[in-house]
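Going by UniProt numbering, the sequence shown opens with residue 1, and the numbers climb by one from there.
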Amino acid sequence: MRLASLLALPASLLSLVLAEAVALSGDYDEHLHLKPLPRGALYAGFNFTASTSLHDYHNQHFRFFPRSLGQILQHTHTSELHLRFALGRWDEESWGSRPRSGRREGGTGVELWAWLEGNDQQEAEERWSGLVNSLSGLFCASLNFIDRTKTIQPILSFEPEGTLQSTASKLHLMHGMLPHEVVCTENLTPFLKLLPCKGKAGVSSLLDGHKIFDANWQTMSIDVRPYGDTLELEQTVDMVLDIERSMRSRDNPIPRPPPIEEIPCDESKSYNAHDTCYPKRPEGEAEWSLSRIFGRSIHGSCPLAARHNAVDVLLEVPATRHVEVSSEVSPESAQQDGSGSRLYRVRDDADFDIKLPQQVIEQPSEESQALLRASRQITGYGQERGGMHTVITNRRPTAQRIVFLESLPWFLRPYMHTLRVEGAKIERMYYTPAVDREKGTQLELLLELPPFSEVNIAYDFEKAILRYTEYPPDANRGFDVAPAVLRVLSPDGQEDSYLRTTSLLLPLPTPDFSMPYNVIILTSTVIALGFGSIFNLLIRRFVLLEEVPESPMAKKVKAMVARGRAVVKKGKPRTESGRCVPKSPELAAAASGRDFDHDLGSIHSRKTGTRLAKGSGEFAQPQSSAPSKAEKEEFLRTMGSGSSRNPLSLIIFTLSALVLAAALIPTLLPRLRLLSSHIPPPPLPRLTAFKFSQQHSMASSDYTKELNIALLAVQRATLLTKSVFHSHAKGTLNKHDASPVTIGDFGAQALIISALQHNFPDDEIVAEEEAKDLRENENLRQTVWHLVKNASLSDASAEKELGGSIASPEAMLDIIDKGDSKGGNKGRIWAIDPIDGTKGFLRGGQYAVCLGLMVDGDVKVGVLGCPNLPVSDSEPLTENIGADATDQEGKGVLFSAVQGKGANSRPLGKDALAPASKIHMKPIGNISEATFCESVEAGHSNQDDSVKIAQKLGITNPSVRMDSQAKYGSIARGAGDLYLRLPVKKDYVEKIWDHAAGDLIVREAGGQVTDVEGKRLDFSLGRTLKNNKGVIAAPKDVHKHVIEAVQSVLSSKQ
């Protein structure tokens, strides 16, 4: 008995530990609410709730809470977040009151508000900017366009749903809307990826993009809020479907009228006849089922949930409505209350379906009517002014207090002295005026609505005139004005409800953009006609036919013709059109002069009256075979050399052209600049691969062959990475240092090493990946082999130079493992990073395929393949370039450099190499106007220090965050100016493959690359840069100032 007690003690302790671990790991459940609505509509509300302890959240322990969202919130110090995607309008007249009291509903487009921690307003705005940019990449939306002009800070309209722990002085509420944002499947896909089961099981398996975005109304919401020691994530999808349209077969998307004999007719109509039919309205409730509405049934519950049977389905129908449930649901899971609503709990391993047959219900349920309504419209006409009119109707028998919030764009300027509120009392008002091109107008009113009243809010406004560069491509469509938000305050302490008006379309004064093009065309035509004719007359020089030099080709042709003629007709003169061609060489040469000038007419001598040349170009020879000396002098004096004989006319013409250019250039340049922005660049011609003789040395001094092979190898590797980039499953593993590896890394490394081994078999290779995981995982090995086998250049000669395809999977594994060199300062060593910026690659951002050649520790050749960067070297960096990354048309660039020969860029292709163009770093006149790049990942660079450095340098432009060595290429071609990679940890050491190619390209483009202490990067110490901390890349003329600012910030921390 005592032994049993001792054995039971460890078991009890173990159970307590396991129970505590489960409690800390959080919980997850799903809920589906179905409710038929009038006029053949169905409301479907999906709710997913995941929670985790704050302890696990702060220690990066994620189970149900998505890591991708959690890291964004931690980096931006966001305490509570609310994000809405909405499409369509809730029909209050037909559907009644709004679901969830409107608390999970947003305005048309995208709406976001959050509470962020910040010591001051500036810090809060910087973190807000980081939040919208990060969420933009996560949800594939244009949230990065929520800038200062679209951001407000409401005071009364929103309250935290959770228990925020920070002091009120450090919390800042930020709110922004994008009414023009189109919500589509691209937003649904990342929404589903936040769920534990990714939409593969549970009620989320019903979420299909074709169904959701064909709905009459739909909204998606993400809410993150803390409750005590727990952080909760609630994801909601609400929609209203048309039952008849949703059950329509996909192979018959456009309904076709059935034959008339199959249509039930309403014979009570007076005009009913054998050829005239009025369709009879269906009686009762329509037939529908889950599997027909959504195309599939519910596939059990999510097996990752902490508890079994974590899926609830609530069907809200009258008590008399017949419901058929799939037999795989346990009888005890179905519950029914007095109103007829039924609650079902879905089994983990069972499919669940509900079917409701057509039925006539004597007393259908009455829809609850919305007791508060609001409508808003723009009034007035004309291009200068207008008005805003909002009508709020209170149908309650009691007074109602509401908060009315409007966020207006800066180009809509309200006259606040014209504000009129009729039918209600203003208890409080907050107003923030707009600043042109910096921030919009914020108007917040606290109103008390009398019972059964109608309140009118109106004011006048002025329309601003925009610069022509601020108009969108569809300038005549108008500009969207965000919906107004109404918060209905609950008098009994319950949750407040919300409703939003529809968005509005504001027409602004729009210039006629066709006029600049008409002016350009007319001006160009006039200049071509006038300038061309005068220029032709001034520079043309008239000479005698015999003075025209005979071309060598003409001599050879004539000699061949003469030999042929001599063979055929010896001694016979050739006749042509009744004329005798002279046999003497002199006369033949004179007669053949017409081959060299066909523009001369008949020219006569003033002195002798004889004709010197005929219109055909032949000399007229009535008396002699050649014109006299006097005739030649008369001809030259008469016609002359325009440019040499008339200098005054040339001076007059030049002055006229300069005056005309000075008058037209100020007008034409802006218009030509506008025109150029609408003209796509012409397609670049393709070049064939460079050819090399067999005697070319393997280690050429000018590195021409090394550069060519490196370019082709990287270009071929990008074909493989792009195919993986578009796939849904990238085969992600984790290395010992927790960085992700994809099948693209393995495949790209195999292709590059294969090309290098074929051309330079004696060279060493330092590469990032090894084939150990592929040898242990058969499925992964076959996936990589399939990609490698199918990756090849279209140009056969280029593919041949790379050595062709790899022989077998085993050979592929051996090739991958050849990148195990230790590096060093002796010999030729290649450094390969098959996919630099793997996290950006997985996230859908920027990445690069990198290859560099080091000789005795010095980088001689560098190549970067960046499939998601714009081809154009003149395109500037944007804040969303790190997230808005698709290798569509116009994307994909190949950077290269050879020591001492400058840097180049060229478009990425699928066959031979495209022509290259020289790139240079942009000169910086004022460093405060510079743009600096930094890593997206906070673990790669200290972003807080970057902000302080920018402040010391006076830089006001926001940093551009992007992954990989694409940052090196971007600043090398002048799209950016500075690159800062500041040390995060004292023991962190950079790898040589992460910087070798980019270091050389920036230096050859006119820049300077050092560590934070100003020392050159040392690639001669093995596989790492152990003697360097951080990286600073900048133009040579400002590099010293940047280093001083960096050292000042870093030294202040010690």
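Just so you know, even glycine gets a beta-carbon here, dropped at the ideal spot from N, CA and C. Owing to the predicted nature of the structure, the values given are computational and were not obtained by experimental measurement.
Compare the beta carbon distance of residue i and residue j with 8 Å and say whether it is the shorter of the two.
{"i": "D977", "j": "S935", "result": "no"}
{"i": "F85", "j": "T219", "result": "yes"}
{"i": "residue 1055", "j": "Y703", "result": "Residue 1055 lies beyond the stretch modelled for the chain, which goes from 1 to 1054, so this question has no answer here."}
{"i": "G844", "j": "E1004", "result": "no"}
{"i": "A831", "j": "I992", "result": "yes"}
{"i": "L171", "j": "S79", "result": "yes"}
{"i": "R907", "j": "G892", "result": "Note on identity: in this sequence residue 907 is Pro, with Arg being the wrong assignment. The answer is yes: Cβ separation under 8 Å."}
{"i": "E262", "j": "Q358", "result": "no"}
{"i": "D873", "j": "G998", "result": "no"}
{"i": "L711", "j": "S896", "result": "yes"}
{"i": "I829", "j": "E764", "result": "yes"}
{"i": "G137", "j": "T76", "result": "no"}
{"i": "L412", "j": "M429", "result": "no"}
{"i": "P38", "j": "S94", "result": "yes"}
{"i": "D858", "j": "D994", "result": "no"}
{"i": "T149", "j": "K439", "result": "yes"}
{"i": "L315", "j": "S291", "result": "no"}
{"i": "V714", "j": "I752", "result": "yes"}
Taking DSSP as the reference, what is the three-state secondary structure of residue i?
{"i": "R781", "result": "helix"}
{"i": "P552", "result": "helix"}
{"i": "Q846", "result": "coil"}
{"i": "M177", "result": "strand"}
{"i": "S134", "result": "helix"}
{"i": "Y57", "result": "helix"}
{"i": "S792", "result": "coil"}
{"i": "residue 1055", "result": "Absent from the structure is residue 1055, since the part of the chain shown begins at 1 and ends at 1054."}
{"i": "Q695", "result": "Per-residue confidence for Q695 stands at a pLDDT of 34, beneath the threshold of 50, marking its modelled position as unreliable; the derived number appears in the next sentence. Coil."}
{"i": "P196", "result": "coil"}
{"i": "P870", "result": "strand"}
{"i": "S375", "result": "strand"}
{"i": "residue 1062", "result": "With the chain represented from 1 up to 1054, any question about residue 1062 goes unanswered, as that position is not in the structure."}
{"i": "P190", "result": "helix"}
{"i": "S204", "result": "helix"}
{"i": "V567", "result": "helix"}
{"i": "N144", "result": "helix"}
{"i": "L343", "result": "strand"}
Start and end of the beta strand (DSSP E) containing residue i?
{"i": "S79", "result": "78-88"}
{"i": "A767", "result": "764-767"}
{"i": "A750", "result": "Unbroken run through A750 is the alpha helix (DSSP H), 743-759; no beta strand (DSSP E)."}
{"i": "K463", "result": "453-463"}
{"i": "D474", "result": "Per DSSP, D474 belongs to no beta strand (DSSP E) and is neither H nor E."}
{"i": "D29", "result": "27-37"}
{"i": "I832", "result": "828-836"}
{"i": "G387", "result": "385-394"}
{"i": "D312", "result": "311-315"}
Between which two residues does the alpha helix (DSSP H) carrying residue i extend?
{"i": "Y517", "result": "514-539"}
{"i": "P809", "result": "809-816"}
{"i": "S1051", "result": "1036-1053"}
{"i": "V1002", "result": "996-1004"}
{"i": "G70", "result": "67-75"}
{"i": "S291", "result": "290-294"}
{"i": "R775", "result": "772-776"}
List the whole-angstrom C-beta distance separating residue i from residue j, where the pair is believed to meet the contact cut-off of C-beta under 8 Å.
{"i": "I155", "j": "S407", "result": "Actually they are not in contact, since the Cβ atoms of I155 and S407 sit about 13 Å apart, beyond 8 Å."}
{"i": "N216", "j": "G45", "result": "Not quite, the Cβ-Cβ distance comes to about 14 Å (not below 8 Å), so this is no contact."}
{"i": "residue 1064", "j": "R103", "result": "The structure shown does not extend to residue 1064, since the chain spans only 1 to 1054, so no value can be given for it."}
{"i": "S289", "j": "I354", "result": "6 Å"}
{"i": "C933", "j": "V960", "result": "5 Å"}
Counting only runs of 4+ residues fully inside the region 91-132, write out the alpha helix (DSSP H) ranges in chain order.
Counting only runs of 4+ residues, the alpha helix (DSSP H) found wholly inside the region 91-132 occupies 92-95, in chain order.
Runs of alpha helix (DSSP H) wholly within the region 909-939 (minimum 4 residues, chain order):
Entirely contained in the region 909-939, not one alpha helix (DSSP H) run reaches 4 residues.
4 or more residues per run - each alpha helix (DSSP H) lying fully within the region 938-1018:
You should have 943-953, 966-972, 996-1004.
Taking only runs that begin and end inside the region 215-270, name each unbroken alpha helix (DSSP H) of 4 or more residues, in chain order.
For the region 215-270, whole alpha helix (DSSP H) runs of length 4 or above, ordered along the chain, are 243-246.
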